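Chains A and B, in that order, give the protein sequences.
In the numbering used here, each residue's number is its place in the first sequence (first place is 1) plus 366.
In the numbering used here, each residue's number is its place in the second sequence (first place is 1) plus 706.
Just so you know, even glycine gets a beta-carbon here, dropped at the ideal spot from N, CA and C.
Computed from a predicted model, the values in this text were never measured in an experiment.
Working notes, beginning with the structure itself.
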Amino acid sequence: MHYAGAPELLKPASRKFIFFTLVSGLLINLLPWHGVALTFRPDFVALVLLFWAIREPRKLGFVAAWIAGLMMDVGDGVILGQHAFAYTLGVYAAIVLHRRIQRFTLWQQASHVLLLLLLLQTTMLIIRLFGGGVFPGPGYFLSCLTGAILWPVLSLLFLLPQRGRPNADSVYSAGHK
Amino acid sequence: MDHQAPPFFNHGPSPLARFVFFASISLVLMLLDARLNALDSLRQIISVAVAPLQSLAMTPVELLDRTGNFFVTQARLQNENAMLSQRQLVQSAQLQRLQAMQAENVYLRNLLGIQQQRGENVVAAEIVYAGRDPFSQKITVNKGSTHKVQAGQPALDEIGVIGQVTRVYPFSSEITLLTDKDQAIPVEIVRNGARAIAFGHGQDGALELPFMAANADIQNGDTLVTSGIDGVYPAGLPVAVVSKIERNSAFAKITCIPSAGVNRHKQLLILVGEVRRFQKPDPEVAGATDGKTPVLRKNRP
């Protein structure tokens, strides 16, 4: 078994950077998406939340997920609490699974993330169906797929600031000067 | 890698406890919002935090739009100009007739002692974005309560009714399109004056007329206009054209296509005249509904 995370020692992510990624996620979600692009648009806030919940479960918690959820609810003009509930559920699942997920390669992680995103999307679907909505068709779940495909890219991007040195040797020698 | 934390590294409540806590607040919020509509003030407060992000998200798109506008070809502009001036000519002729008729109408109404129809002030608004929520048919426009937009006011384009303002923020407002599943509009068939209520159909961008008897006098191609008996929409605005009728059961299944470009345009008009409120029957006597803004919605189960 190949452990993707094992050979690399990463610096802990700074809270500022986590906050920055979360705000960027919100910003991208709030772009005026419509039509086909909207169908394929992954929920960037959910991706960012899941990423940090898996990577740094002590630094990003339920409060951030819940507040980001409320902001998405207002931004999208939907029932207050819909995204908040789904995001807290997703973060909970991610925190429970984070040790397991971290051990896989990026693409294997992506398959886990696909399931988590499907969980989020299904939660929101159930909430809306209870509120009297109609199922908008199977295309509703496409965004989960694009989200999972984006996962490896996002991971590499988000881990960049924590890669202090190009390889393990230089980290070792720097530590023993 | 992360190690299993020894028990003396205590990190507060367990994830499960935290999840249950936040999930239950969310559930309470959802119930309050969906059933009682009690959270408008909270929504306004959060919107203060979201609004800067939204406008920031809009900037690149607007920039692109502007650069696009800058590179419009001259030929296209000339064409458009010619078309517009032609239309202007036609419309000014119509306008003169309309003014004459309006004056006459006011005079006649005075004679009859009928209440004056409200003067229609319009606010031109631009669509900021189409709704991102796949469950509802809503758009957000760039005019809000600072431009005298109120919840309940109708939104039109140059052809007919588009929808109704349902939520107002200081600098933007949300318009629910006629095609939204819960949106209703009182209509009248132009050909024979029969009244009905058209409901949105949701995804496929159609309207339907429920509660019409199977033998109702309605044909394919009939034009539906607002009947004006609701106090929200002025009478006579085109709404939809009947496209399909199935007379299989006790009630006919009538599908209509909206006349206005419900999701085609970038600009639209909001009628900002005072939303007319009718004297409600005494609630003690009739058990009537509360006197809130007349946002027309199907009763939820």
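Cβ proximity to chain A below 9 Å picks out nothing from the region 912-938 of chain B. Beta-bridge analysis with DSSP links S879/B to V847/B and V874/B. According to the DSSP assignment, I924/B belongs to no beta strand (DSSP E), since it is labelled neither H nor E.
Counting only Cβ-Cβ distances below 8 Å, S753/B has contacts in chain A at V440, in chain order. Under the three-state reduction of DSSP, T489/A is assigned to helix. For chain B, the residues of the region 394-415 of chain A that bring a beta carbon within less than 9 Å of one of its beta carbons are I394, N395, L396, L397, P398, W399, H400, G401, L404, T405 and R407, in chain order. Using beta-carbon distances, V847/B does not count as an interface residue toward chain A, since no partner is under 9 Å. Sequence-distant partners of Y875/B (beyond 5 residues in either direction) whose C-beta falls short of 8 Å from its own C-beta, in its chain, are Q750, S753, A757, G850 and S851. Think of a sphere of 8 Å around the beta carbon of T488/A: no beta carbon from chain B falls inside it, the nearest being about 13 Å out. Contact annotation, F501/A with L484/A: C-beta distance approximately 15 Å; criterion of less than 8 Å not satisfied. Taking a cut-off of 8 Å on C-beta distances, the region 454-473 of chain A touches the region 722-737 of chain B, as three or more cross pairs fall below it. Counted as a single uninterrupted DSSP element, the beta strand (DSSP E) harbouring P892/B occupies residues A890 to I895.
In the structure shown, L397/A adopts coil according to DSSP, grouped into three states.
When CB distances to chain A are screened at a threshold of 8 Å, the residues of the region 827-860 of chain B falling below it are V834, Y835, A836, G837, R838, D839, P840, F841, S842, K844 and T846, in chain order.
The beta carbons of A920/B and A956/B sit about 6 Å from each other, so the pair counts as a contact at 8 Å.
By the Cβ-count criterion, G899/B is exposed, with fewer than 16 other Cβ atoms from all chains shown falling within 10 Å of its own Cβ. Taken through DSSP and simplified to helix, strand or coil, E864/B comes out as coil. Shown here for G837/B: same chain residues with a beta carbon closer than 7 Å to its own, the five before and five after excluded, namely Q843, K844 and I845 in chain order.
According to DSSP, Q973/B shares a beta bridge with E832/B.
The Cβ atoms of A403/A and L415/A lie no closer than 9 Å to each other.
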